[in-house]
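J.: Pasting in a structure now, in structure tokens, and then I'll have a few things to ask.
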Ligand SMILES: [Zn+2]
């Protein structure tokens, strides 16, 4: 057998084994079993975008679910779980009130405008509550998070001035990337994902500074379109009673050990008061950007919020620390059919 033939066979076997495990997990996972202790599953979404939407081009695959897939997820969730707002489950737990045996809370990180366009209509139709974690000082502005700024910048260079790949200010990217050769066509979403992960070894501030420098030195003025929610959209969703706002800091900085204590306090406390002032409702829930949390950050969050979510994968019980809740991240590539989604919920894979 040729090497290629061997590879194809290996790939087919691997795929069949994976599918078999998915079937087992979707049938016998935690979502399908009874338990003595109440269980909480917190789903983590970011962006809901149609496959052909131009906004998907700058986004890592792990960030997106299509509206069709999202609707399928929500129908399944409604079938298997009691769906409560995250703050409601925590309130009932703290008061010692009875909790549903199997509960699900739906969450969205960052505050993307597509949550209003594509997720909110589905949630309204199925009458399902959800929490959107807002980056308070970016909502209603045309600012972007650094991964989308970086993706836009690299796509712009590839399309409009590829000779600039040799520029010394780009060395920190070009010399550390393996999957992309810095030529036309522009990096695809997997390659952008590698570049973004590599950049995470630097601080958020340093990355923004480096992107600013590249934009200035290479005279790149082509800005990407605004992608975040407006306060008006958020107010409308909150007024429906289905959507609650949580905080995701002021500027989406990582709350790790390297972070200055004054900045930690500012990001955790001021984001809460800013959102409360804009929406006229109290903010009880918090989400750590990138899942990073130093002990000091958790301590501050405990003083100001009823609960907080991480990016650590898993289910929660009443004994899970309310300020370090696990979530189940969902994106299109791993959940586009019912079996794959249920397998994801199972907590097995
Ligand atoms: Zn985030």
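Residue numbers (our numbering): 848 to 1196.
All C-beta atoms, glycine included, are put in the ideal place defined by N, C-alpha and C.
Using the DSSP secondary-structure output, state which residues sit across from residue 1176 in a beta bridge.
T.: On the chain shown, position 329 is the one that residue 1176 refers to. Residue 1176 pairs with 891.
J.: Give the DSSP bridge partners of residue 1140, in chain order.
T.: Start at 1 with the first residue of the chain shown, and residue 1140 comes out as number 293. In DSSP, residue 1140 forms a bridge with 1102.
J.: Kindly provide the ranges of any beta strand (DSSP E) runs that are 3 or more residues long and lie completely inside the stretch 927-988, ordered along the chain.
T.: Here the runs fully enclosed are 949-957 and 977-981.
J.: Would you mind giving the Cβ-Cβ distance between residue 1136 and residue 1100, rounded to the nearest angstrom? I have them listed as a contact below 8 Å.
T.: For the purposes of this step, residue 1136 is taken as the residue at position 289 of the chain shown. For the purposes of this step, residue 1100 is taken as the residue at position 253 of the chain shown. Contact holds; Cβ gap of about 6 Å.
J.: Please specify which runs of the beta strand (DSSP E), each continuous and at least 3 residues long, are wholly inside the stretch 1045-1115, giving them in chain order.
T.: The stretch 1045-1115 contains these whole beta strand (DSSP E) runs: 1090-1094.
J.: With which residues is residue 911 paired in a DSSP beta bridge?
T.: Working through the chain shown from its first residue, we reach residue 911 at position 64. Bridge partners of residue 911: 894.
J.: Do residue 1136 and ligand 1 come close, with the Cβ less than 7 Å from some heavy atom?
T.: By one-based count along the chain shown, residue 1136 stands at place 289. Yes, since a heavy atom of ligand 1 falls inside the 7 Å radius drawn around the Cβ of residue 1136.
J.: What is the residue span of the beta strand (DSSP E) that residue 1158 lies within?
T.: Position 311 of the chain shown holds residue 1158. Residue 1158 -> beta strand (DSSP E) spans 1154-1160.
J.: Would you say residue 1099 touches ligand 1, meaning its beta carbon is less than 7 Å from a heavy atom?
T.: Reading the chain shown from its first residue, position 252 is the one you call residue 1099. Yes, ligand 1 has a heavy atom inside 7 Å of this Cβ.
J.: Would you identify the three-state DSSP class for residue 1029, choosing helix, strand or coil?
T.: Counting from 1 along the chain shown, the entry for residue 1029 is found at position 182. If DSSP states are grouped into helix, strand and coil, residue 1029 belongs with coil.
J.: Under the rule that 16 or more other beta-carbon atoms within 10 Å means buried, what is residue 907, buried or exposed?
T.: Counting from 1 along the chain shown, the entry for residue 907 is found at position 60. Buried, because 16 or more other Cβ atoms sit within 10 Å of the Cβ of residue 907.
J.: Taking the DSSP output, what are the residues bridged to residue 1134?
T.: In the chain shown, counting from the first residue as 1, residue 1134 sits at position 287. 1156.
J.: If we count Cβ pairs, one from each stretch, closer than 8 Å, do we get three or more for the stretch 1082-1094 versus the stretch 909-926?
T.: The answer is no - the stretch 909-926 does not touch the stretch 1082-1094, with fewer than three Cβ pairs under 8 Å.
J.: Do residue 1193 and residue 878 count as a contact pair if the criterion is CB distance below 8 Å?
T.: As a position in the chain shown, residue 878 is number 31, starting the count at 1. As a position in the chain shown, residue 1193 is number 346, starting the count at 1. Closer than 8 Å, so yes.
J.: Is there at least one Cβ from chain B nearer than 8 Å to residue 871's Cβ?
T.: No chain B appears in this structure, which consists of one protein chain only.
J.: Out of 1013, 1160, 1044 and 1133, which one is the CA nearest neighbour of residue 1029?
T.: Taking the first residue of the chain shown as position 1, residue 1029 is located at position 182. When each option's Cα is compared against that of residue 1029, the closest is 1013.
J.: Count the other C-beta atoms from every protein chain shown that fall within 10 angstroms of the C-beta of residue 866, then say buried if there are 16 or more, exposed otherwise.
T.: Numbered from 1 along the chain shown, position 19 holds the residue referred to as residue 866. The residue is exposed, with fewer than 16 neighbouring Cβ atoms inside 10 Å.
J.: Just checking residue 837 against ligand 1 - is the residue's beta carbon closer than 7 Å to any of the ligand's heavy atoms?
T.: No answer is possible for residue 837: it lies beyond the span of the chain, which begins at 848 and ends at 1196.
J.: From residue 1124 to residue 1130, what distance separates their C-alpha atoms?
T.: For this step, residue 1124 is matched to residue 277 along the chain shown. For this step, residue 1130 is matched to residue 283 along the chain shown. Each residue's alpha carbon lies about 10 Å from the other.
J.: Got a sec? Which residues, its chain only, sit under 7 Å from residue 999 by beta carbon, not counting five neighbours each side?
T.: As a position in the chain shown, residue 999 is number 152, starting the count at 1. Closer than 7 Å at Cβ, skipping near neighbours: 905 and 1071.
J.: For residue 1002, report the span of its alpha helix (DSSP H) as first-last.
T.: As a position in the chain shown, residue 1002 is number 155, starting the count at 1. Where residue 1002 is concerned, the enclosing alpha helix (DSSP H) stretches over 993-1007.
J.: Less than 7 Å between the CB of residue 1151 and some heavy atom of ligand 1, yes or no?
T.: As a position in the chain shown, residue 1151 is number 304, starting the count at 1. No, the beta carbon of residue 1151 sits no closer than 7 Å to any heavy atom of ligand 1.
J.: For residue 862, count the other beta carbons within 10 Å of its own beta carbon; 16 or more makes it buried, fewer makes it exposed. Which is it?
T.: Counted from its first residue, the chain shown places residue 862 at position 15. Under this definition residue 862 is an exposed residue.
J.: Tell me which same chain residues have a C-beta within less than 6 Å of the C-beta of residue 1040, skipping the five on either side of it?
T.: Here residue 1040 corresponds to residue number 193 of the chain shown, with the count starting at 1. Around residue 1040: 907.
J.: Assuming residue 1093 and residue 979 make a contact with CB atoms under 8 Å, what is their CB distance in whole Å?
T.: Taking the first residue of the chain shown as position 1, residue 1093 is located at position 246. Taking the first residue of the chain shown as position 1, residue 979 is located at position 132. That pair is a contact at about 7 Å.
J.: With a threshold of 7 Å (Cβ to nearest heavy atom), would residue 1121 be considered close to ligand 1?
T.: Within the chain shown, residue 1121 is the residue found at index 274, counting from 1. Not so, every heavy atom of ligand 1 lies at least 7 Å from the Cβ.
J.: Rounded to a whole number of angstroms, what is the C-alpha to C-alpha distance between residue 972 and residue 1088?
T.: As a working mapping, residue 972 is identified with position 125 in the chain shown. As a working mapping, residue 1088 is identified with position 241 in the chain shown. For residue 972 and residue 1088, the distance between alpha carbons rounds to 13 Å.
J.: May I ask you to report which of helix, strand or coil DSSP gives residue 990?
T.: Counting from one through the chain shown, the residue named residue 990 turns up at place 143. Residue 990: coil per DSSP, three-state reduction.
J.: Could you give the residue range of the alpha helix (DSSP H) that holds residue 1186?
T.: Taking the chain shown and counting its residues from 1, one reaches residue 1186 at position 339. Per DSSP, residue 1186 belongs to the alpha helix (DSSP H) from 1185-1193.
J.: Using a Cβ-Cβ cut-off of 7 Å (strictly less than) and excluding sequence neighbours within five positions of residue 1058, which residues of its own chain qualify?
T.: Within the chain shown, the letter at position 211 stands for residue 1058. Within the same chain, residue 1058 has close Cβ partners 993, 996, 997 and 1000.
J.: Between the stretch 1012-1026 and the stretch 1053-1069, do at least 3 Cβ pairs fall closer than 8 Å?
T.: Enough Cβ pairs lie closer than 8 Å, so yes.
J.: So, using beta-carbon positions, are residue 953 and residue 890 closer together than 8 Å?
T.: Against the chain shown, residue 953 aligns to sequence position 106. Against the chain shown, residue 890 aligns to sequence position 43. Cβ atoms of residue 953 and residue 890: closer than 8 Å.
J.: Excluding the five sequence neighbours on either side, which residues of its own chain have a C-beta within less than 7 Å of the C-beta of residue 962, listed in chain order?
T.: Stepping through the chain shown from its first residue, residue 962 is reached at position 115. The answer, listed in chain order, is 895, 955, 979 and 1076.
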